[in-house]
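Quick note, in this note's numbering, the sequence shown goes up one by one and the last residue is 261.
Encoded as structure tokens, the structure appears first; notes follow it.
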Amino acid sequence: MKKQLLALLLVSATATTSFAALKFDSDVPKNIQTQMVEDLAFMAQITGSGQTPFHKELFTEVSGKAYQQFFDTRIFSVGVDACGGGAAVACVQPFFDPNKMWLTENYIKFSHPQVARSMVVYHEARHSESKNGNWMHANCPRPFLDANGKDMVSIWTGAKLEGQPACDSTYKGSYGSSTIMLKNISKYCSNCSDKVKMDADIYAMDQLNRISKPAVKQSMLADFAN
Ligand SMILES: [Zn+2]
Numbered sequence: 036m037k038k039q040l041l042a043l044l045l046v047s048a049t050a051t052t053s054f055a056a057l058k059f060d061s062d063v064p065k066n067i068q069t070q071m072v073e074d075l076a077f078m079a080q081i082t083g084s085g086q087t088p089f090h091k092e093l094f095t096e097v098s099g100k101a102y103q104q105f106f107d108t109r110i111f112s113v114g115v116d117a118c119g120g121g122a123a124v125a126c127v128q129p130f131f132d133p134n135k136m137w138l139t140e141n142y143i144k145f146s147h148p149q150v151a152r153s154m155v156v157y158h159e160a161r162h163s164e165s166k167n168g169n170w171m172h173a174n175c176p177r178p179f180l181d182a183n184g185k186d187m188v189s190i191w192t193g194a195k196l197e198g199q200p201a202c203d204s205t206y207k208g209s210y211g212s213s214t215i216m217l218k219n220i221s222k223y224c225s226n227c228s229d230k231v232k233m234d235a236d237i238y239a240m241d242q243l244n245r246i247s248k249p250a251v252k253q254s255m256l257a258d259f260a261n
């Protein structure tokens, strides 16, 4: 049953998308290629019933077509790299080629939901925008505490975030934009399962904490109320 569903997804992907244009380096392991193609196909089949103003500004609409266009105009090829090592999942190295995304082995090893993995892909795609300084991260505050006074940690790795270059000071950056994308999927996707929408909300609300300027975070919460 599961196999059948995947096959269907892939068929609809080739029928409605042009991800075939995405070039994988020959040394990218096949299972990583397959996972990424499936994740992009998942994004490309989304239909939506509305959106928030920030989402409209950044992605135009909650729809597979809009998400595919966002990706296709930013990432042209995919390679495999350690991305600095450790727990990195993916990266863009603008000085080398801003339109190339690098995936690490962690892309298929880490056990986060598909919609969360898609968030990583769209976060990296945003870094391809050289005309916007590649939306470099901001340093997280020090100390960096949650509402309960506990250290903020990465939902991906559990690493402490204080003082790390793992935050954004604008809603338009890589963390901000992908948070807005996920929150809108949780609110407005009309063909997503409840599980997908719940996952999207959990990861969006976690990544919202990466917005280090309180006023910007407040403006995003106000946007999400739409
Ligand atoms: Zn980043």
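Even glycine gets a Cβ: it sits at the ideal position worked out from N, Cα and C.
Computed from a predicted model, the values in this text were never measured in an experiment.
- Taking the Cβ of Glu159 as the reference point, at least one heavy atom of ligand 1 falls within a distance shorter than 8 Å.
- Relative to Leu243, the option among Asn226, Ser209, Ser228 whose CA is nearest is Ser209.
- At least one heavy atom of ligand 1 sits closer than 8 Å to the Cβ of His172.
- Residues of the same chain with a CB within less than 6 Å of the CB of Ser153, apart from the 5 flanking positions on each side, are Asp74, Met78 in chain order.
- Scanning Val188, Tyr142, Cys175, Lys222 for the CA closest to the CA of Val72 turns up Tyr142.
- Counting along the chain, Lys135 sits inside the beta strand (DSSP E) bounded by residues 135-138.
- By the Cβ test, the stretch 167-183 is not in contact with the stretch 89-98, since fewer than three Cβ pairs between them sit closer than 8 Å.
- Distance check between Ser163 and each of Leu180, Ile190, Ala125, Phe179 places Ala125 closest, using alpha-carbon atoms only.
- One alpha carbon belongs to Gln253, the other to Phe179, and they sit about 17 Å apart.
- Counting C-beta pairs closer than 8 Å gives fewer than three between the stretch 130-138 and the stretch 177-193, which falls short of the contact rule.
- Assigned with DSSP and collapsed to three states, Thr214 falls in helix.
- With a threshold of 16 other beta carbon atoms within 10 Å, Arg245 meets it and is buried.
- By the C-beta criterion, the stretch 199-208 is judged not to be in contact with the stretch 108-121, since fewer than 3 inter-stretch pairs fall below 8 Å.
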